[in-house]
Amino acid sequence: MGRRKIEIEMVRNSNTRQVTFSKRRTGLFKKANELSILSGAEVAIVVFSPGNKPYSFGHPAVDVVAAKYLQQDPESSDSEGDPSFDASNMNELNLELVEVLTQICEVEKQTEAYDKILKQNDVTTLFDLEKLRNSYKELQNWVKLRLSDLKISEYLLLLATEPVVGVKAKSTKKNRRKS
Numbered sequence: 535m536g537r538r539k540i541e542i543e544m545v546r547n548s549n550t551r552q553v554t555f556s557k558r559r560t561g562l563f564k565k566a567n568e569l570s571i572l573s574g575a576e577v578a579i580v581v582f583s584p585g586n587k588p589y590s591f592g593h594p595a596v597d598v599v600a601a602k603y604l605q606q607d608p609e610s611s612d613s614e615g616d617p618s619f620d621a622s623n624m625n626e627l628n629l630e631l632v633e634v635l636t637q638i639c640e641v642e643k644q645t646e647a648y649d650k651i652l653k654q655n656d657v658t659t660l661f662d663l664e665k666l667r668n669s670y671k672e673l674q675n676w677v678k679l680r681l682s683d684l685k686i687s688e689y690l691l692l693l694a695t696e697p698v699v700g701v702k703a704k705s706t707k708k709n710r711r712k713s
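Written as structure tokens, this is what we have:
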């Protein structure tokens, strides 16, 4: 289906005109933002709607760009003392943004690599890891119980082969009474 080619002329219906204005204004501001980010250009746009409402977009700010365009000192505008309106500062911030986005991409790649490793080991979620840890603890407890059982058995065997002196003496006393 695709896009239809339209003739560039004034839209006659006022409702359609307002909708067209809103959609085109958003697209225009988006393109201006992309231009300023990609090329570091300073951009200012002021648009009045069909209802005579003003809309503006500026990078770094409409006042700064307008003052620069009019050959005025940008420091004399309302943004005096605010470093976020300084164009060179905006360029530095854009560079920092690019660096942060690059770091995010690297971390996402590392995360994917870790996910692959976990999937290779049949461990896909934190829940699975917790289940493995709990089963390991159960195994440890079971081994401890069996070791204590073995020690008890060993002590019982020692007692059976070498009875305690007091126990042997009692058994001999019982034998004497019977006779």
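Okay, so the sequence shown: first residue is 535 according to the working numbering, each after it adds one. All residues carry an ideal CB built from backbone N, CA and C; glycine is no exception. Keep in mind it's a predicted model, so treat the numbers as computed, not measured.
By the three-class DSSP mapping on this structure, what secondary structure does residue i have?
i	result
G592	strand
V553	helix
P608	Reliability fails at P608, whose pLDDT of 49 lies under 50, so the model's placement of it is uncertain and no value is given.
I651	helix
A575	coil
V580	strand
T659	coil
V632	helix
V545	coil
N668	helix
G536	coil
N586	coil
If contacts are defined as beta-carbon pairs under 8 angstroms, then residue i and residue j qualify, I think. What distance do you get, rounded to the angstrom?
i	j	result
F563	S583	That belief does not hold up - the Cβ atoms of F563 and S583 are roughly 13 angstroms apart, past 8 angstroms.
R558	Y589	Not confirmed; about 11 angstroms, so no contact.
V527	V598	The question about residue 527 has no answer, for the chain in this structure spans 535 to 713.
Report yes if the CB atom of residue i is closer than 7 angstroms to the CB atom of residue j, and no otherwise.
i	j	result
A601	A578	no
R551	V545	yes
Under the rule that 16 or more other beta-carbon atoms within 10 Å means buried, what is residue i, buried or exposed?
i	result
V553	exposed
P608	Here the model assigns P608 a pLDDT of 49, short of 50, so the residue's position is not dependable, and the following value carries that caveat. Answer is buried; the Cβ neighbour count reaches 16.
K592	The residue asked about is misnamed: residue 592 is Gly in this sequence, not Lys. Answer is buried; the Cβ neighbour count reaches 16.
A647	exposed
S570	buried
V677	exposed
N547	exposed
I540	exposed
Kindly say whether residue i, judged by its beta-carbon, lies nearer than 7 angstroms to any beta-carbon of chain D.
i	result
E626	You won't find chain D in this structure, because it holds only one protein chain.
- Query: Are the stretch 564–578 and the stretch 621–635 in contact at 8 angstroms, needing three or more beta carbon pairs?
  - Reply: Touching, yes.
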